[in-house]
Amino acid sequence: MPDKQTVRKCMGELRRKVGMNAHAGLLKMLSRALQEERRVLTVGTYQPIGSEPDINSELLRWSAADGARALALPWCTDREASCMEYRLWDPCEKLEADAAGIPGSRKGACVVPDVLLIPCLGWTRSRRRLGYGGGYFDRYISKLLESGASPRLLGVAYGVNEVDDSLFEPHDLPLDLIITDSGIF
Numbered sequence: 002m003p004d005k006q007t008v009r010k011c012m013g014e015l016r017r018k019v020g021m022n023a024h025a026g027l028l029k030m031l032s033r034a035l036q037e038e039r040r041v042l043t044v045g046t047y048q049p050i051g052s053e054p055d056i057n058s059e060l061l062r063w064s065a066a067d068g069a070r071a072l073a074l075p076w077c078t079d080r081e082a083s084c085m086e087y088r089l090w091d092p093c094e095k096l097e098a099d100a101a102g103i104p105g106s107r108k109g110a111c112v113v114p115d116v117l118l119i120p121c122l123g124w125t126r127s128r129r130r131l132g133y134g135g136g137y138f139d140r141y142i143s144k145l146l147e148s149g150a151s152p153r154l155l156g157v158a159y160g161v162n163e164v165d166d167s168l169f170e171p172h173d174l175p176l177d178l179i180i181t182d183s184g185i186f
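For my numbering, add 1 to where a residue sits in the sequence shown, where the first one is 1.
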């Protein structure tokens with residue numbers, strides 16, 4: 002069984018080869034998933050880096066349909082400790098690099114989103130997520146759960162990036178849903 006680092010490399014290569022049809026299918030499934038999330042006012046999204054799916058066109062449409070809806074982006078406050086928070090995102094705002102070098106909203110107010118859309122390098126049908134291994138999302142989610150907050154956790158991936166459950170350990174908690182171009186799991 003290959004280790005997580007080997008699988009991460011392979012999944013990144015697969016994701017880079019995904020075509021426009023898969024991307025369009027992913028946006029369609031994302032739209033469907035958001036329609037099911039009826040009480041959501043704030044969605045935590047991400048600015049894609051590398052080959053991560055760019056889902057923000059769909060999210061901008063979603064937020065524009067209701068003036069009460071808002072989008073937020075992660076902001077890394079301490080790279081060494083993998084600490085991050087979410088800040089409200091004004092799409093007209095010029096994004097700045099955070100402590101991890103990822104574009105985000107320096108000026109936005111800190112919020113706890115109702116839903117977090119989390120990019121996945123790999124995913125399983127039991128809704129586990131393979132990330133880059135930095136621990137940013139895991140630490141943020143743990144901190145939220147400890148505080149009593151319970152946002153919906155939705156992974157975003159391409160169908161080709163499905164991996165085997167044997168990669169994961171019992172402490173790797175599942176997400177609420179995984180959204181892919183081939184379906185919602």
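For glycine and all other residues, C-beta sits at the position ideal for the given N, C-alpha and C.
In this text the structure is predicted, and so the values were computed from the model without any measurement.
Taking residue i as part of the beta strand (DSSP E), name the residues at either end of that continuous run.
i, result
"E163", "No beta strand (DSSP E) contains E163, which DSSP labels as neither H nor E."
"L74", "71 to 79"
"R88", "84 to 90"
"G45", "43 to 45"
"L178", "178 to 181"
Thinking residue i and residue j are a contact (beta carbons under 8 Å), I'd like their distance in whole angstroms, please.
i, j, result
"T181", "M30", "7 Å"
"R42", "A65", "The amino acid occupying residue 42 in the given sequence is Leu; Arg does not appear at that position. L42 to A65, Cβ: 14 Å. No contact."
"D166", "T125", "5 Å"
"I185", "A34", "6 Å"
"L96", "A110", "Not a contact, Cβ separation roughly 16 Å."
"K5", "G134", "7 Å"
Short of 6 Å in beta carbon distance, which residues of its chain neighbour residue i, apart from the five on each side in sequence? Order them along the chain.
i, result
"D55", "P49"
"V113", "A150"
"E53", "P120"
Within a Cβ cutoff of 7 Å, which residues of the same chain sit near residue i, ignoring the five residues on either side of it in sequence?
i, result
"L61", "P92"
"K108", "E94"
"G136", "S83"
"A98", "P104"
"E59", "L28, L31, S32"
"D173", "R129"
"M2", "S167"
"Y141", "M85"
"A100", "C77, T78, D79, R80"
If I follow the unbroken alpha helix (DSSP H) through residue i, where does it start and stop?
i, result
"I119", "Note, I119: premise wrong, no alpha helix (DSSP H); beta strand (DSSP E) at 116 to 120."
"L28", "21 to 37"
"S148", "137 to 148"
"M12", "5 to 17"
"A65", "57 to 65"
Which same chain residues end up closer than 8 Å to residue i when comparing Cβ atoms and leaving out the 5 residues on each side of it in sequence?
i, result
"G123", "V8, R9, M12, R130, L131, A158, N162, E163, V164, L168"
"D115", "E38, R40, V41, L42, T43, V44, P152, R153"
"L176", "I119, R128, R129, R130, L154, L155, G156"
"W63", "S32, L35, V44, R70"
Within 9 Å of any Cβ in chain E, is that where the Cβ of residue i sits?
i, result
"A100", "Looking at the structure shown, chain E is missing, and only one protein chain is on hand."
* Asked: Is it a yes or a no for the region 36 to 52 touching the region 66 to 79, going by three-plus beta-carbon pairs under 8 Å?
  -> yes
* Asked: Would you say the region 125 to 133 touches the region 158 to 166, given that touching needs at least three Cβ pairs under 8 Å?
  -> yes
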